[in-house]
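Student: As they're listed, the protein sequences go chains U and V.
Mapping of the first sequence onto our numbering: residues 236 to 360, in sequence order.
Mapping of the second sequence onto our numbering: residues 3 to 375, in sequence order.
Below is the structure I would like to discuss, written out as structure tokens.
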Amino acid sequence: MYDGKLIIPGLIVFVALMTFPIWKNMGNAGPVPKLEKPKGVTKCVESVQYMRTSHMKVLDDWRDQVLREGNRTPVEVEGVKYDRSLMNGCMKCHTEKKKFCDECHTYTSVKPYCWDCHYVPKETF
Amino acid sequence: MKHAFLAVIGLIVISWLGSLVGLDYLFGVVFPYLAFAIFLGGFIYRVTNWAKSPVPFRIPTTSGQGKSLDWVKQDKLDCPATFWQVVGRMILEVFVFRSLFKNTKAEIHDGPKLVYGSSKWLWLFGLAFHYCFLIIVLRHMRLFLNPVPAFIGQIEFFDGLFQIGVPVLYQTDLIFVGAVTFLFLRRVLIPQVKYISFAADYFPLFLIFAIAATGILMRYFFRVDIVSIKQLTVGLATFSPAISGDIGSIFYIHVFLVSALLAYFPFSKLMHLGGVFLSPTRNLANNNRMVRHVNPWNDPNIKPHSYAAYEDEFRQFMADADIPLEKELPPEPEPEPAAEEAPAADAAAETPKPAAEEAPAADAAAETPAEKE
Chain U
236 MYDGKLIIPG
246 LIVFVALMTF
256 PIWKNMGNAG
266 PVPKLEKPKG
276 VTKCVESVQY
286 MRTSHMKVLD
296 DWRDQVLREG
306 NRTPVEVEGV
316 KYDRSLMNGC
326 MKCHTEKKKF
336 CDECHTYTSV
346 KPYCWDCHYV
356 PKETF
Chain V
3 MKHAFLAVIG
13 LIVISWLGSL
23 VGLDYLFGVV
33 FPYLAFAIFL
43 GGFIYRVTNW
53 AKSPVPFRIP
63 TTSGQGKSLD
73 WVKQDKLDCP
83 ATFWQVVGRM
93 ILEVFVFRSL
103 FKNTKAEIHD
113 GPKLVYGSSK
123 WLWLFGLAFH
133 YCFLIIVLRH
143 MRLFLNPVPA
153 FIGQIEFFDG
163 LFQIGVPVLY
173 QTDLIFVGAV
183 TFLFLRRVLI
193 PQVKYISFAA
203 DYFPLFLIFA
213 IAATGILMRY
223 FFRVDIVSIK
233 QLTVGLATFS
243 PAISGDIGSI
253 FYIHVFLVSA
263 LLAYFPFSKL
273 MHLGGVFLSP
283 TRNLANNNRM
293 VRHVNPWNDP
303 NIKPHSYAAY
313 EDEFRQFMAD
323 ADIPLEKELP
333 PEPEPEPAAE
343 EAPAADAAAE
353 TPKPAAEEAP
363 AADAAAETPA
373 EKE
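See the structure below:
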């Protein structure tokens, strides 16, 4: 091998960069979000799978309807009325930001800008 | 182009069908591991294979004044003569694609007049493409690291700075797709480039476009259960992969295309990732006049034969043939009655010595020209 004193360190740096997640985690997958259901409620505005993948779409639509179109009529699903609102709708059942928002958002490094406008609810636990 | 396109479509169909019939583990765990192993192993193999090839001659492309006399200003980046000047050249090459920046375009106008103009489009879109790719790869680290380091969050924040839509639109996604499209259209629309484009050129473009497209569909349109996905991807990075929840075909298609790219990487033009560091026209110092570079495959038994030695060997014959000599024949000595023996004369002819030393021994040698004259 020629120029090994440059090429071998270069390859070592390359492999170290490419395997960064492996040695950074050191085999520890870290805490997995513990999913918890709101107490006393079994239904939501959409199915579980839909809410898992697309709840942000619901919130986005509601935001547009309420703030841009002035439509504050509650959403009725299977006879249950839900306010088109994060604080008064969603968080009526999913009461705690920490448990129902941050648990998964922190895990997946998602930083929604809800709280740029909304006050962060005070939680004493 | 047709075959490259069909190959990518084939990869999509295979992974889509695979996820439909429940081969989640194969497409989500086995293929990514296999592809990553091929990528790393193949990359190291290719680079060491290149490293085994001797580069006996300095062949840097120079486009500036080389090192010369002290009062001649050297162009240190375009004609580097030292290691650190080469480092400067390589940094600009690797980080800002300086060679592409100097791209020119020749046009023939009426006259006929040949005009060279600057052509920066390839440089601009090439640079945009590569940097977007880098940012996209770094952003994906949020799926492989737990907890997610702060700098990944910073990258995501600035990438989605305009907060368009939910989930927020990443600017790099748009620029990336635009740049890939440019790089593809360039190959198709410019006749000269189309002429030299083969399946190996189209396939990576289609594959990368398909990866971007599936990623964009997955994030903005179909949307997937990101928590289940992260459990799988962190599992991959910690060698404890497990598939939980309903992930969706689009994820497996995306991952299979990425696996295909990784496995294809070391055996394709994409190896310019490693190759750019090993390109002799860029990474060699132009120091031919300062350093002697010995060809490593020279036969050690063949000794160097300088011109001086050559002339020493054939001086007599050259003089006879009226070939100009750098060093003339020794002056004709006074003929002495006591003749020396022949071997001494031969030695004198082969390795000339200062005339004074030679004179007593060179009778025989000196006689020949004298006779002819």
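Just so you know, even glycine gets a beta-carbon here, dropped at the ideal spot from N, CA and C.
All values derive from a computational prediction rather than experimental measurement.
In three-state terms, what does DSSP make of L219(V)?
Tutor: Residue state, collapsed to three classes: helix.
Student: Which whole runs of the beta strand (DSSP E) in the region 82 to 109 of chain V are 3 residues long or more, in chain order?
Tutor: Listed in chain order, there is nothing to give.
Student: By DSSP, does S261(V) sit in helix, in strand, or in coil?
Tutor: In this structure, S261(V) counts as helix in the three-state DSSP scheme.
Student: Quick one: list the residues of chain U neighbouring A239(V), beta-carbon separation under 7 angstroms, in chain order.
Tutor: Simply P256, I257, N260.
Student: Can you pull the chain V neighbours of A251(U), defined as C-beta to C-beta under 9 angstroms?
Tutor: By Cβ distance, chain V contributes nothing, its closest Cβ being about 11 angstroms from A251(U), past 9 angstroms.
Student: Taking its Cβ as the centre, do 16 or more other Cβ atoms sit within 10 Å of Q378(V), making it buried, or is it exposed?
Tutor: With chain V running from 3 to 375 in the structure shown, residue 378(V) is simply not present.
Student: Quick one: what's got a C-beta closer than 8 angstroms to E95(V)'s C-beta in the same chain, skipping five residues either side?
Tutor: Excluding sequence neighbours, E95(V) sits near S101, V278, R284.
Student: Determine the DSSP secondary structure at S120(V), reduced to helix, strand or coil.
Tutor: Of the three classes helix, strand and coil, the one that applies to S120(V) here is strand, per DSSP.
Student: Determine the direct distance from the alpha carbon of Y237(U) to that of H295(V), and round the result to whole angstroms.
Tutor: Taking the straight line from one Cα to the other gives about 13 angstroms.
Student: Would F59(V) pass as an interface residue toward chain U - the criterion being a Cβ-Cβ separation below 7 angstroms?
Tutor: Output row for F59(V): interface = no.
Student: State buried or exposed for R303(U), treating a residue as buried only when at least 16 other CB atoms are found within 10 Å of its CB.
Tutor: Exposed, since its Cβ has fewer than 16 Cβ neighbours within 10 Å.
Student: Quick one: using the 10 Å Cβ neighbour count with 16 as the cut-off for buried, is V190(V) buried or exposed?
Tutor: Burial call: exposed.
Student: Measure the C-alpha to C-alpha separation of F231(V) and L145(V) and round it to an integer number of angstroms.
Tutor: It is Ile, not Phe, that sits at residue 231(V) in the sequence shown. Roughly 8 angstroms between the two C-alpha positions.
Student: Which whole-angstrom value describes the C-beta separation of A130(V) and Y118(V), a residue pair presumed to lie in contact below a C-beta threshold of 8 angstroms?
Tutor: Contact flag wrong, Cβ pair sits at about 25 angstroms.
Student: Does I247(U) get closer than 7 angstroms to chain V when you measure Cβ to Cβ?
Tutor: Taking Cβ atoms only, chain V never reaches closer than 7 angstroms to I247(U), which makes this a no.
Student: Between F153(V) and G128(V), is the Cβ-Cβ spacing less than 7 angstroms?
Tutor: Not a contact, by the Cβ cut-off of 7 angstroms.
Student: Within its chain, find whatever has a CB closer than 7 angstroms to the CB of G250(V); leave out the 5 residues flanking it on each side and keep chain order.
Tutor: If we look at G250(V) and ignore the five residues flanking it on each side, its Cβ neighbours are F224, V226.
Student: What's the C-alpha gap between L28(V) and A262(V)?
Tutor: Taking the straight line from one Cα to the other gives about 13 angstroms.
Student: If you reduce the DSSP assignment to three classes, tell me which class Y317(U) lands in.
Tutor: Strand.
Student: Check the DSSP bridge columns for A170(V) and list the partner residues they point to.
Tutor: Per the sequence presented here, residue 170(V) reads as Val, with Ala not at that position. Looking at the DSSP assignment, V170(V) forms no beta bridge with any residue, so it has no partner.
Student: With a Cβ-Cβ cutoff of 7 angstroms, do P58(V) and N297(V) count as a contact?
Tutor: Cβ distance < 7 angstroms, so P58(V) and N297(V) count as in contact.
Student: Looking at the structure shown, is A346(V) part of a helix, part of a strand, or coil, going by DSSP?
Tutor: Confidence at A346(V) is low in this model, with a pLDDT of 48, below 50, so the placement of that residue should be treated as unreliable; the coordinate-derived value is given next. Reduced to three states, the DSSP call for A346(V) is helix.
Student: Going by C-alpha distance, which of P282(V), T240(V), G66(V), A201(V) is nearest A53(V)?
Tutor: Of the listed residues, the one whose Cα sits closest to A53(V) is P282(V).
Student: To the nearest angstrom, report how far apart A351(V) and A321(V) are at their CA atoms.
Tutor: At A351(V), the pLDDT of 49 sits below 50, so the modelled position is not reliable; the number obtained from the coordinates is stated separately. A351(V) and A321(V): Cα-Cα distance of roughly 12 angstroms.
Student: Using a Cβ-Cβ cutoff of less than 8 angstroms, which residues in the same chain neighbour I213(V) once the five nearest sequence positions on both sides are dropped?
Tutor: Contacts found: H256, L259, V260, L263.
Student: Once the 5 residues before and after E271(U) are set aside, which same chain residues still bring their CB inside 7 angstroms of it?
Tutor: Only K334 meet the Cβ criterion.
Student: Anything in chain V within Cβ reach of Q284(U), meaning under 8 angstroms, just list it in chain order.
Tutor: Those within 8 angstroms of Q284(U) in chain V are D227, D248.
Student: If we count Cβ pairs, one from each stretch, closer than 8 angstroms, do we get three or more for the region 136 to 150 of chain V versus the region 164 to 180 of chain V?
Tutor: The region 136 to 150 of chain V, when compared against the region 164 to 180 of chain V, does touch it at the 8 angstroms Cβ threshold.
Student: If you check the beta carbons only, do L246(U) and I46(V) fall under 7 angstroms apart?
Tutor: For L246(U) and I46(V), yes; Cβs fall inside 7 angstroms.
Student: Given a cut-off of 7 angstroms on the beta-carbon distance, is the pair L380(V) and G90(V) in contact?
Tutor: Residue numbering for chain V in the displayed model covers 3 to 375; residue 380(V) lies beyond these limits and cannot be assessed.
Student: Taking any Cβ of chain U, which residues in the region 294 to 317 of chain V have a Cβ under 7 angstroms from it, in chain order?
Tutor: Cβ contacts with chain U come from no residue of the region 294 to 317 of chain V.
Student: Using beta-carbon positions only, say whether C339(U) and P268(U) come within less than 7 angstroms of one another.
Tutor: A contact, by the Cβ cut-off of 7 angstroms.
Student: In whole angstroms, give me the CA-to-CA distance for E334(V) and S308(V).
Tutor: Going by the C-alpha atoms only, they are around 26 angstroms apart.
Student: Leaving out five residues on either side along the sequence, give the residues of the same chain with a beta carbon under 6 angstroms from the beta carbon of F184(V).
Tutor: Excluding residues within five positions, the ones whose Cβ falls inside 6 angstroms are F127.
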